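Participant:
Protein chains in written order, with our numbering: chain A, 19 to 337; chain B, 404 to 650.
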């Protein structure tokens, strides 16, 4: 038996999340005492997955896989897993991975756990933990079926160079049914890192007083190379676009650094960001609840302190 | 157009999270439960709008105990025509999906709608599972759904850093994200009418149970926040670099 990991290629290229999931799968395979086989579709450089720990790479090939469809991709992954005798399939917890995990588990009637962020354990059963209640608790799941499917949330572990590009890449020609859903258009925001993938995020809230004041936030984000985000009231007032809204009803993120500026830290906002590795809170109200969840806090007027933080960062970047 | 909307019961967003039974069960003491917001605000409301556009019926489905009837009545007040409760207390997404599929497979729905995830277990698995079990196409994270006719839909789906626009013919399964509809507060007439709408209780068939939660834990207490002198932003930068190692 082996571990099959699906590393997504977008426009032929892998991003960091693909390398993370391969490293996670390799470590899972080590725990289970088996091999890690990476599957990919339409990738330009499938051998790269060898660097991050895959013992072998299979490029899944079928006309039905040209565009994403949950039905055809589920079928392809299931066929590939059966061919390489994988009993454990690991997906990215991405828009596509989240759509596949349920289908694949149901196809095999096996146990699945989505959005895991820890390695499983395999001592008298298969156990794996994931955050639940929007990050307010963790649950350990026990899977009793022979097969299992997991999806890994981004930024759970860093990709590690555990091998090299001299890895066996094989093309698997698969008989896959034609997709029942037709993709007619894909629109991506150009030039900036999408929030769910961002490692550094600068976020601002109602404390900004109005959309005309966002210049200092954008400057800080630019110095850091960070992506900008905002709280719900800000998006609801159309001060900032809705795709920047992080929180329970917006996007849930887990960057390495989250800087919250003029955001009080309502529980619904925290639910979307409290898995961030390091949280900096800047607020003039020392009673703001966000300080309880922060690693570093600055109690000050944001209009005074944000430009000075920007200057300090510029100095640091230049040194 | 006949649509099945699957709704779940979740603790409200501000509920205190704690556990009992040696950390094996969620402690429901003093917790208010609501209809999962993605199921209610987006999936159910859009289904009711489509029914108003094309005629047909919206059926609300919940898998759960009798205590869930209050939430089901709210769904009927929002505009579902009838409701079905499968009298089971599932321990996993697979069990829930198994019950839904057992009910849906013998019916002719043009659409089966779900919320994109529940706010308690955050799984986003049930929609895809049901789609596979009843062999239908599945579109996740739909933020827009337009029906050109009763059997042809154009759906916008949220993907990383953008959107994807798709076409699909009925019947299909869909999970709803923010944007699909506007939250609707039931009015007095809706609430009165809901009392007379049918709520069937169906006893469950046996389903697969390949996974379960064995233990919960709360996050470790975050250490005290380190307060930085506002006059010394160099110090914050130093800590982010040397201590947190994030820049």
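By construction, the Cβ of each residue, glycine as well, lies at the ideal position given by its N, Cα and C atoms.
What you are looking at is a predicted structure, and each value in this text was computed from that prediction instead of being measured.
Anyone know if the C-beta pair for residue 109/A and residue 115/A falls short of 7 Å?
Facilitator: Yes, Cβ-Cβ distance for residue 109/A and residue 115/A is below 7 Å.
Participant: Where do the ends of the beta strand (DSSP E) carrying residue 191/A lie?
Facilitator: Counting along the chain, the beta strand (DSSP E) containing residue 191/A begins and ends at 186 to 191.
Participant: Who are residue 79/A's beta bridge partners in DSSP?
Facilitator: Note: residue 79/A sits in a beta bridge opposite 191/A.
Participant: Around the C-beta of residue 567/B, are 16 or more other C-beta atoms found within 10 angstroms, so that it is buried, or is it exposed?
Facilitator: Buried is the call here.
Participant: Rounded to whole angstroms, what's the CA-CA distance from residue 294/A to residue 274/A? Just pull it up for me.
Facilitator: Straight-line Cα distance between these residues: approximately 6 Å.
Participant: In chain A, which residues lie with their C-beta within 9 Å of the C-beta of residue 544/B?
Facilitator: Result: 113, 116 and 117.
Participant: Contact check, residue 166/A vs residue 129/A under 8 Å by CB: the rounded distance?
Facilitator: Correct: roughly 5 Å between the Cβ atoms.
Participant: According to the Cβ coordinates, are residue 454/B and residue 461/B closer than 7 Å?
Facilitator: Closer than 7 Å, so yes.
Participant: Is the CB of residue 129/A under 7 Å away from at least one CB in chain B?
Facilitator: Yes, because at least one Cβ of chain B sits closer than 7 Å to the Cβ of residue 129/A.
Participant: Beta carbons nearer than 7 Å to chain A: which residues of the stretch 518 to 540 of chain B have them?
Facilitator: Listed by position, the residues of the stretch 518 to 540 of chain B near chain A (Cβ gap below 7 Å) are 522, 523, 524, 525, 526, 527, 528, 529, 530, 531, 532, 534, 535, 536 and 540.
Participant: Give me the chain B residues within the contact set of residue 89/A, using Cβ-Cβ distance strictly less than 9 Å, ordered along the chain.
Facilitator: The contacting residues are 534, 535, 538, 539, 540 and 541.
Participant: Give me whichever residues DSSP pairs with residue 13/A in a beta bridge.
Facilitator: The requested residue 13/A is not part of the displayed model; chain A covers only 19 to 337.
Participant: Using DSSP with H/G/I as helix, E/B as strand and the rest coil, what is residue 297/A?
Facilitator: In this structure, residue 297/A counts as strand in the three-state DSSP scheme.
Participant: From the beta carbon of residue 282/A, is the nearest beta carbon of chain D less than 7 Å away?
Facilitator: You won't find chain D in this structure, because its protein chains are A and B.
Participant: Sort 426/B, 440/B, 405/B and 423/B by Cα distance to residue 415/B and report the nearest one.
Facilitator: Minimum Cα distance to residue 415/B is reached at 440/B.
Participant: So residue 644/B contacts chain A; which residues on that side make the cut at Cβ distance below 9 Å?
Facilitator: Per Cβ cutoff of 9 Å: 334.
Participant: What does residue 633/B touch in chain A if you count any residue whose Cβ is under 9 Å from its own?
Facilitator: Under the 9 Å cutoff, chain A gives 300, 316, 317, 318, 319, 322, 323 and 326.
Participant: Helix, strand or coil for residue 602/B, going by three-state DSSP, please let me know.
Facilitator: In the structure shown, residue 602/B sits in a strand (DSSP, three-state: E or B).
Participant: My assumption, with CB atoms under 8 Å, is that residue 324/A sits in contact with residue 234/A. Please give the rounded CB distance.
Facilitator: About 5 Å separates the two Cβ atoms, so the contact holds.
Participant: For residue 557/B, name the three-state secondary structure that DSSP assigns.
Facilitator: Strand at residue 557/B.
Participant: Residues of the stretch 471 to 493 of chain B in Cβ contact with chain A at a cutoff of 9 Å, in chain order, please.
Facilitator: Taking 9 Å as the Cβ-Cβ cut-off against chain A, none of the residues of the stretch 471 to 493 of chain B qualify.
Participant: Is there a Cβ from chain A that is less than 7 Å from the Cβ of residue 514/B?
Facilitator: It does not; no Cβ of chain A falls within 7 Å.
Participant: Is it true that the CB of residue 134/A sits closer than 7 Å to the CB of residue 375/A?
Facilitator: No answer is possible for residue 375/A: it lies beyond the span of chain A, which begins at 19 and ends at 337.
Participant: Would you check if the distance between the CB atom of residue 119/A and the CB atom of residue 169/A is smaller than 7 Å?
Facilitator: Cβ distance < 7 Å, so residue 119/A and residue 169/A count as in contact.
Participant: Between residue 337/A and the rest of its own chain, which residues show a CB-CB distance below 6 Å, the 5 nearest in sequence each way excluded?
Facilitator: Answer for residue 337/A: no residue qualifies.
Participant: Name the residue from 443/B, 478/B, 418/B and 648/B whose alpha carbon lies nearest to the alpha carbon of residue 434/B.
Facilitator: It is 418/B whose Cα lies nearest to the Cα of residue 434/B.
Participant: So what's residue 445/B in DSSP terms, helix, strand or just coil?
Facilitator: If DSSP states are grouped into helix, strand and coil, residue 445/B belongs with the helices.
Participant: Which same chain residues end up closer than 8 Å to residue 410/B when comparing Cβ atoms and leaving out the 5 residues on each side of it in sequence?
Facilitator: Excluding residues within five positions, the ones whose Cβ falls inside 8 Å are 438, 439, 442, 443, 446, 447, 463, 464, 465, 474, 475, 478 and 518.
Participant: Taking the beta carbon of residue 62/A as the centre, do at least 16 other beta carbons fall within 10 Å, making it buried, or is it exposed?
Facilitator: With fewer than 16 Cβ atoms within 10 Å of its Cβ, residue 62/A is classed as exposed.
Participant: Could one say the Cβ of residue 629/B lies closer than 7 Å to chain A's Cβ atoms, at least one of them?
Facilitator: With 7 Å as the cut-off, residue 629/B counts as an interface residue toward chain A.
Participant: With a cut-off of 8 Å on the beta carbons, I'd call residue 488/B and residue 471/B a contact; round off their distance for me.
Facilitator: Contact flag correct, Cβ pair sits at about 6 Å.
Participant: Please name the residues in the stretch 149 to 161 of chain A whose beta-carbon is closer than 9 Å to at least one beta-carbon of chain B, in chain order.
Facilitator: If the cut-off is 9 Å between Cβ atoms, the stretch 149 to 161 of chain A has 149, 150, 151, 152, 153, 154, 155, 156, 157, 158, 159, 160 and 161 near chain B.
Participant: Residues of the stretch 420 to 443 of chain B in Cβ contact with chain A at a cutoff of 8 Å, in chain order, please.
Facilitator: Within the stretch 420 to 443 of chain B, the residues whose Cβ lies closer than 8 Å to some Cβ of chain A are 420, 422 and 440, listed in chain order.
Participant: By the 7 Å beta-carbon criterion, what residues does the stretch 180 to 210 of chain A contribute toward chain B?
Facilitator: Listed by position, the residues of the stretch 180 to 210 of chain A near chain B (Cβ gap below 7 Å) are 198, 199, 200, 201, 202, 203, 204, 205, 206 and 207.
Participant: For residue 173/A, I'd like the list of residues in its chain whose CB is within less than 6 Å of its CB, leaving aside the five on either flank, ordered along the chain.
Facilitator: The residues are 272.
Participant: Should residue 617/B be labelled buried (16 or more other beta-carbon atoms within 10 Å of its own) or exposed?
Facilitator: Counting Cβ neighbours within 10 Å, residue 617/B comes out exposed, since fewer than 16 surround it.
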